[in-house]
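Enquirer: Quick one: structure below, then a few questions.
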Amino acid sequence: MSNRILTGIKPTGQLTLGNYIAVLKGLPKQMEKGELFYFIADLHALTLPIEPDVLRQNSIDLAAFYLAAGLDPNRATLFLQSDVSAHSELNSIMQNYLYMGELSRMTQFKDKSSKMKENAIGLGLFAYPVLMACDIILYDAKTIPVGEDQIQHVELTRDLVNRFNNRYGEVLVLPNYEVKKVGARIMSLSDPKVKMSKSDPKGDIFLKDDLSVIRKKIMSAVTDSGSEVKYDVENKPGVSNLLVIYASMKDITVEEAEKHFEGYRYGDFKREVADAVIEELEPFQNRYKEIIANKSYEKVLQEGAERARKVANETLRRVQKAIGLLGK
Ligand code: ATP
Ligand code: MG
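Next comes the structure, spelled out in structure tokens:
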């Protein structure tokens, strides 16, 4: 079987540089490595309250961003999660094979629900990893490129696959996560102790920000005491984060970035980090604007949904048969 690579982003807000580095930047290289299934996780976006118009606009933006990042619809499948009903159907099966205890240990659930009142936390937020496991399983995906924060969910999917296969035979493919060596966790520019997140924007660089705003945000990023540009997450989280951003943009290691900035002052260092980000995002933003204007994402999503449905329905049928559901 070919190497299927699957990844998704939730249309919960404006995409950040963290999302770009985790998923979008590597897209052209991924196309060389296997058969890509990239999706817009719109059902997952419902796990926190969102206005219909905002959800619609975010989903369109996300489709355009995938295309602007180099997704070639002739070689990869791009689709909306809600266009493939097998995700929800498999979800109603798999929720019986993951347990309350393991779901309540998920860091992301704890983080996201900690600021909410108990009676406002939707069941979907708690059960989100079940649906995510289904997203992965349906495509027999072997490789899941993610940021560090999603490793726990892919590991849970592996537990589910092993549990299921032990009981029913080799029905499901065991997935592996793939995390970037550099940039697995981009931090907020205003508080480098917290992750850059689109649903909780704080010191984020948004992919749609004006280039002048991006420069301003980087120039006013929190740096640390001292004056040396050194990678030291404990004592210099702000500087370290900027070094990681620079290294990701240039496709070099953090050590190489550190060497490059030896003897720099913070101001000059930030200016070059801003240059690197802008150099990368300027052509990307231009492609995005073109795609939004010509609406080429519409046909891509329609054809993508057809291809995705075929693959997903086959897996769903395999699961239904294995567990004893009658049917065609
Ligand atoms: P939300 O706040 O809605 O959870 P998010 O920014 O965390 O938004 P997701 O849609 O949850 O984005 O995740 C999309 C992908 O981006 C995942 O692979 C995730 O691991 C990755 N990702 C998210 N934030 C970062 C970050 N700060 N650094 C690196 N990767 C990230
Ligand atoms: Mg997230």
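Residue numbers (the numbering used here): -16 to 311. Positions of the beta carbon are idealized from the N, C-alpha and C atoms, including for glycine.
#1: With L73 and I120 assumed to form a contact (beta carbons below 8 Å), what rounded beta-carbon distance in angstroms separates them?
#2: With a 10 Å radius around its C-beta and 16 neighbouring C-beta atoms as the bar for buried, classify L195 as buried or exposed.
#3: Taking the beta carbon of A103 as the centre, do at least 16 other beta carbons fall within 10 Å, making it buried, or is it exposed?
#4: Can you tell me the Cα-Cα spacing of V222 and L308, whole angstroms?
#5: When the Cα atoms are used, what is the spatial distance from M77 to V113?
#6: Quick check on this structure: which residue in L0, K8, L19, F48 has the alpha carbon closest to the alpha carbon of T60?
#7: Would you kindly report the start and end of the unbroken beta strand (DSSP E) that includes A59?
#8: Excluding the 5 residues flanking V302 on each side, which residues of the same chain have their C-beta closer than 7 Å to its C-beta?
#9: Just how far apart, CA to CA, sit A51 and D66?
#10: From which residue to which residue does the beta strand (DSSP E) around P128 run?
#11: Go through its chain and collect everything with a Cβ distance to R58's Cβ below 8 Å, but skip five positions before and after it.
#12: Please list the segments of the beta strand (DSSP E) lying wholly inside the segment 69 to 122, counting only runs of 3 or more residues, in order along the chain.
#13: Just to confirm before moving on: does the CB-CB distance between S231 and I4 stay below 7 Å?
#14: Once the 5 residues before and after F252 are set aside, which same chain residues still bring their CB inside 6 Å of it?
#15: DSSP puts M315 in a beta bridge; with which residues?
#16: Across the segment 186 to 193 and the segment 143 to 163, are there enough close Cβ pairs to call them in contact, namely three or more that are closer than 8 Å?
#17: Between the alpha carbons of G166 and G310, how many angstroms are there, rounded?
#18: Contact check, F22 vs F62 under 8 Å by CB: the rounded distance?
#19: Could you tell me which residues DSSP pairs with G(-4) in its beta bridges?
#20: Please report the straight-line C-alpha distance between I33 and K178, rounded to a whole angstrom.
#21: Just the Cα atoms here: how many angstroms apart are Q135 and S42?
#22: Using a Cβ-Cβ cutoff of less than 8 Å, which residues in the same chain neighbour R80 once the five nearest sequence positions on both sides are dropped?
#23: Would you tell me roughly how many angstroms separate the C-alpha atoms of A259 and Q(-3), rounded to the nearest one?
#24: Any heavy atom of the ligand ATP closer than 6 Å to the CB of N2?
#25: Got a sec, what are the start and stop residues for the alpha helix (DSSP H) E161 sits in?
#26: I need the straight-line Cα distance from K137 to Q285, nearest angstrom please.
#27: Under the criterion of a Cβ to heavy atom distance below 6 Å, does I(-8) qualify as lining the ligand ATP?
#28: Quick one: what does DSSP say L38 is sitting in, helix, strand or coil?
#29: So P56 and D25 are in contact, right, with Cβ under 8 Å, and what is the actual spacing, rounded?
#30: Which residue comes first and which comes last in the beta strand (DSSP E) that contains I23?
#31: With A295 and Y122 assumed to form a contact (beta carbons below 8 Å), what rounded beta-carbon distance in angstroms separates them?
#32: Any heavy atom of the ligand ATP within a distance shorter than 6 Å of the CB on S195?
#33: Looking at chain B, is there any beta carbon in it that lies within less than 7 Å of the beta carbon of P184?
#34: Would you call K93 buried or exposed, if buried means 16 or more other Cβ atoms sit within 10 Å of its Cβ?
Expert: Reading from the atomic positions:
#1: Right, their Cβ atoms sit about 7 Å apart.
#2: Looking at the sequence provided, one finds Ser at residue 195 rather than Leu. With fewer than 16 other Cβ atoms within 10 Å, it is exposed.
#3: If you draw a 10 Å sphere on the C-beta of A103, you find fewer than 16 other C-beta atoms in it, and that means exposed.
#4: Each residue's Cα considered, the two are about 56 Å apart.
#5: Approximately 7 Å, taken between the alpha carbons.
#6: Ranking L0, K8, L19, F48 by Cα distance to T60 puts L19 first.
#7: Segment 59 to 63, the beta strand (DSSP E) holding A59.
#8: Within the same chain, V302 has close Cβ partners L73, I76, V154.
#9: A51 and D66: Cα-Cα distance of roughly 22 Å.
#10: Here the beta strand (DSSP E) through P128 covers 126 to 129.
#11: Answer for R58: M14, L19, listed in chain order.
#12: Runs of the beta strand (DSSP E) inside the segment 69 to 122: none found.
#13: Judged by their CB atoms, S231 and I4 are nearer to each other than the 7 Å cut-off.
#14: Hits under 6 Å: V212, F244.
#15: Lying before the first or after the last residue shown, residue 315 is absent from the chain, which here runs from -16 to 311.
#16: With the rule of 3 Cβ pairs closer than 8 Å, the segment 186 to 193 does not count as touching the segment 143 to 163.
#17: For G166 and G310, the distance between alpha carbons rounds to 46 Å.
#18: For a cut-off of 8 Å, the C-beta gap from F22 to F62 is around 5 Å, short enough to register as a contact.
#19: According to DSSP, which records beta bridges pairwise, G(-4) is partnered with nothing at all.
#20: Linking I33 to K178 through their CA atoms gives a straight-line distance of about 21 Å.
#21: Taking the Cα positions, Q135 is about 25 Å away from S42.
#22: Residue identity differs from the one stated: residue 80 is Tyr in this sequence, not Arg. Exclusion of the five residues before and after Y80 leaves L143, R146, F147 as the residues of its chain whose Cβ lies within less than 8 Å of its Cβ.
#23: Our two residues, A259 and Q(-3), have alpha carbons roughly 21 Å apart in a direct line.
#24: At least one heavy atom of the ligand ATP is nearer than 6 Å to the Cβ of N2, so yes.
#25: For E161, there is no enclosing alpha helix (DSSP H); the residue is found in the beta strand (DSSP E) stretching over 159 to 162.
#26: Note on identity: in this sequence residue 137 is Val, with Lys being the wrong assignment. Spanning the two alpha carbons is a distance of roughly 28 Å.
#27: It does: the Cβ of I(-8) is within 6 Å (strictly closer) of some heavy atom of the ligand ATP.
#28: If DSSP states are grouped into helix, strand and coil, L38 belongs with the helices.
#29: Not quite, the Cβ-Cβ distance comes to about 19 Å (not below 8 Å), so this is no contact.
#30: Element bounds for I23: 18 to 23.
#31: Contact between A295 and Y122 is confirmed by a C-beta separation of about 7 Å, below the 8 Å threshold.
#32: No, the beta carbon of S195 sits no closer than 6 Å to any heavy atom of the ligand ATP.
#33: Protein chain content of the structure displayed is limited to a single chain, and chain B is not contained in it.
#34: Per the 10 Å Cβ criterion, exposed.
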